[in-house]
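Working notes, structure below.
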Amino acid sequence: MRRIGQPKFGELELRILDILWRRGPSTVREVLEALPRQPRPAYTTVLTMMRLMHEKGYLDRRERGRAHVYQARLREQPTKRGLLRHLIATAFRGSPAALLVRLLEDEHISREELERVKRLIAEREKGEGHGRSQGSG
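Numbering of the sequence shown is given in numbering that gives the first Met the number 0, commencing with residue 0 and proceeding in unit increments.
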């Protein structure tokens with residue numbers, strides 16, 4: 000069994016966690032309906048995945064009538080921070096700047112997002128940001 004401090008997730012696991020972080024406690028059917036239509040996995044696939052995630056300790060589960068209601072046990076920000084640190088360490092040779100440069104070169108970034116990045120850089124340069132943003136990430 001993996002340690003909860005450093006979990007590794009598949010794509011469907013991350014999608015399920017994201018839905019539960021946004022919606023809060025949800026049934027398998029509610030999670031399924033919140034997934035994008037194309038390609039949407041089968042109900043049994045989502046059910047099996049959520050049961051496995053519960054067994055791994057990623058989700059809590061309680062009964063509501065005949066349905067099970069699942070809730071994310073992992074907190075969103077620490078989980079995303081760990082995923083990002085792993086990505087930086089493995090794909091960008093430990094350089095956060097290399098990740099930022101790649102994002103700015105390759106991805107479409109809206110004017111609002113770019114302004115936010117500029118504000119964060121300015122705060123960091125002044126010593127105000129301490130490396131953590133207040134928004135979701």
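Ideal placement from N, C-alpha and C gives every residue a C-beta, glycine not left out.
Three-state class that DSSP yields for residue i in the structure shown
i, result
"residue 107", "coil"
"residue 57", "coil"
"residue 39", "coil"
"residue 125", "helix"
"residue 148", "The chain is shown only over 0 to 136; residue 148 falls outside these bounds and no answer can be derived."
"residue 7", "coil"
"residue 1", "A caution first: residue 1 carries a pLDDT of 44, below 50, which makes its placement in the model too unreliable to give a value."
Residue i, enclosing beta strand (DSSP E) - first and last residue
i, result
"residue 70", "66 to 71"
Bridge-paired residues (DSSP) for residue i
i, result
"residue 25", "69"
"residue 62", "67"
Whole-angstrom distance between residue j and residue i, CA atom to CA atom
i, j, result
"residue 149", "residue 84", "For the chain, the structure presents residues 0 to 136; residue 149 sits outside this window and is missing."
"residue 15", "residue 30", "7 Å"
"residue 107", "residue 113", "10 Å"
"residue 139", "residue 101", "Because residue 139 is not part of the residues shown, which for the chain are 0 to 136, the question remains open."
"residue 11", "residue 58", "14 Å"
"residue 72", "residue 109", "32 Å"
"residue 22", "residue 9", "20 Å"
"residue 47", "residue 53", "10 Å"
"residue 123", "residue 41", "45 Å"
"residue 74", "residue 33", "20 Å"
"residue 18", "residue 26", "11 Å"
"residue 89", "residue 65", "43 Å"
"residue 80", "residue 6", "12 Å"
"residue 98", "residue 69", "34 Å"
Residue i - containing alpha helix (DSSP H), residue span
i, result
"residue 81", "75 to 90"
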